[in-house]
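Following: one structure in structure tokens, then a few remarks.
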Amino acid sequence: MALLGLVMVLVQGQGIRSSAALWLLLAAVMVQVLSWTLGYFHHPQWVADNPEVDRLAKLFIFIAVAWWLGGSTRNTLLVWGLAVIGLLLSSVVQGDGLQEWLRGLEGHRVGFGVRNYQHGAMLFGVALLGLAVFAPRIVAPGRWRAARISGWCLMFLLAVIAVLIGQTRAVWLALALALPFMLVVWLLNTRLLGDGRRPNRRCLLVGGGMALLVVLGAGSLLKGPIVERVGKESQVINMLLEGDVEEMPYTSIGIRIHTWQAALEWIQERPLVGWGGTGRSLVIEHTPWLPESVKEVFGHLHNYFLEIWVAYGLIGLALIAALASWVGMATWRAWRGGVLPGDMALFGASFFLYWIVVNQFESYNSFWTGVYVHNLVVGGLVTHYWRWQRDARAGNHLAERSGR
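End of the sequence shown = 412 in the numbering used here, gap-free, step of one.
Right under this line is the structure:
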């Protein structure tokens, strides 16, 4: 479906074929081919049989997603909403289902049958962001309001609980930054930069109070596991702050610090073009001072940006930065052009902050879970940008005809 969507863009996407997204996709392929080719001559025993261009190209599946959404806000919200519902349903049918939720409430760490604990928590963190941003839209007056409010309350409660019992500190940190950021931007926009509208204080207080009660209630229920999880690595963090890295034990944080240190050693040797697509596994397997216990269990660096640097060098990092900048610019222009609703733009900005943070501690974009979330969110934003471009071209064409 992704390939078919790309073909449709190339065949029928008038005005889109020259989009920066397609040029960035071409650049992603070239970066990987270049890194692989240079690696073939430098360390042929360690390179893959082919450039494996899908490693970066899969980040551009959003091109097909944006095409199929057709610039429709309704379609985008429908797909995002179905993704949240699908996540909740999958948490019941995958893994141990309801028993896993019950174990989580008893204080055990759970992953909902998704790859591992961190990935399940990450998915529910994104869902929680969306439910928070779109709450005013969901509870707005209209048909089925009572049902919509009840459904939102249930999903919000489950998302909060899932994030807590997932016990992933990086997700907690990302939400601790993204949610206040979201609130501040929303308040500034509605009170200072908006069109004169003021937030309904009663709705704001009631909604905020309900959300706070949910968070505090779930937090108090799981107070023990949360406190234990947060304080578990305090000794390691103190050693890190004191610069005592060599003596740091190989705990969850310790493994990350040591493997990141190893990655930096490899980066120093080939900082511009990297070691190719197998770079992250080379660091783990061929760093002599890493213990065998780490080499047997881990094959990645728990940091997506370090993995890109090791694999494709600074040119790879530049590509990722260019993609992020273009998506941010596209989101801004679509919003300023009146095509992208404000709450969707706010979700995009909050998601960007969340995504940057969580990918510092786990390589989500290297796995299907991160690729899925990345392309679903970015596709929903970019489709509005392309619609804005299409409307702008149509307006210019009409103005030209009227001026004749």
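Ideal Cβ placement from N, Cα and C applies to all residues, glycine included.
Residue i, buried or exposed, once every other Cβ within 10 Å from all chains shown has been counted against 16
i	result
L298	buried
A29	buried
S374	buried
S242	exposed
V235	exposed
Q397	buried
R344	exposed
V305	exposed
S26	exposed
G239	exposed
R151	exposed
V381	buried
R199	exposed
R145	exposed
E255	exposed
V253	exposed
A182	buried
V280	Checking the sequence shown, residue 280 turns out to be Leu, not Val. When all chains shown are included, L280 counts as exposed.
V192	exposed
A416	With the chain running from 9 to 412 in the structure shown, residue 416 is simply not present.
R153	exposed
S99	buried
S289	buried
E300	exposed
A184	exposed
Beta-carbon gap between residue i and residue j smaller than 9 Å
i	j	result
L331	Y320	no
R395	V347	yes
F132	V171	yes
M190	A35	no
H127	I173	no
A271	L314	yes
A135	L90	no
W160	A143	yes
F355	V141	yes
V39	N383	no
L309	I323	no
V379	F359	no
E60	G285	yes
Q269	N311	no
I157	G387	no
G262	V318	no
R123	T377	yes
I69	L113	no
Between the CA atoms of residue j and residue i - distance to the nearest angstrom
i	j	result
G204	G350	Because G204 carries a pLDDT of 48, less than 50, the predicted location of this residue cannot be relied on, and the following value inherits that uncertainty. So the two alpha carbons sit approximately 14 Å from each other.
V87	L165	21 Å
R111	T176	16 Å
G47	V92	42 Å
H50	I275	15 Å
I265	I24	43 Å
T84	L97	20 Å
L42	A65	14 Å
A342	A178	31 Å
G307	V118	22 Å
W363	L137	11 Å
S260	W44	32 Å
E250	P257	14 Å
V37	A329	16 Å
D399	A56	45 Å
A167	P52	47 Å
T295	W340	43 Å
Q107	L162	19 Å
L67	G121	24 Å
T267	Y125	20 Å
W76	V244	48 Å
W31	G336	16 Å
L248	W54	32 Å
L325	K303	26 Å
N197	W334	23 Å
L33	P149	43 Å
Y372	V366	8 Å
A155	E370	37 Å
CB contact check: residue i to chain C, cutoff 9 Å
i	result
V147	The structure shown contains no chain C, having only a single protein chain.
Residue i CB to nearest heavy atom of the ligand ATP below 8 Å
i	result
R398	No copy of the ligand ATP occurs in the structure displayed, which carries no ligand at all.
> So does the segment 377 to 394 actually touch the segment 74 to 83, counting three or more Cβ pairs closer than 8 Å?
Replying inline: yes
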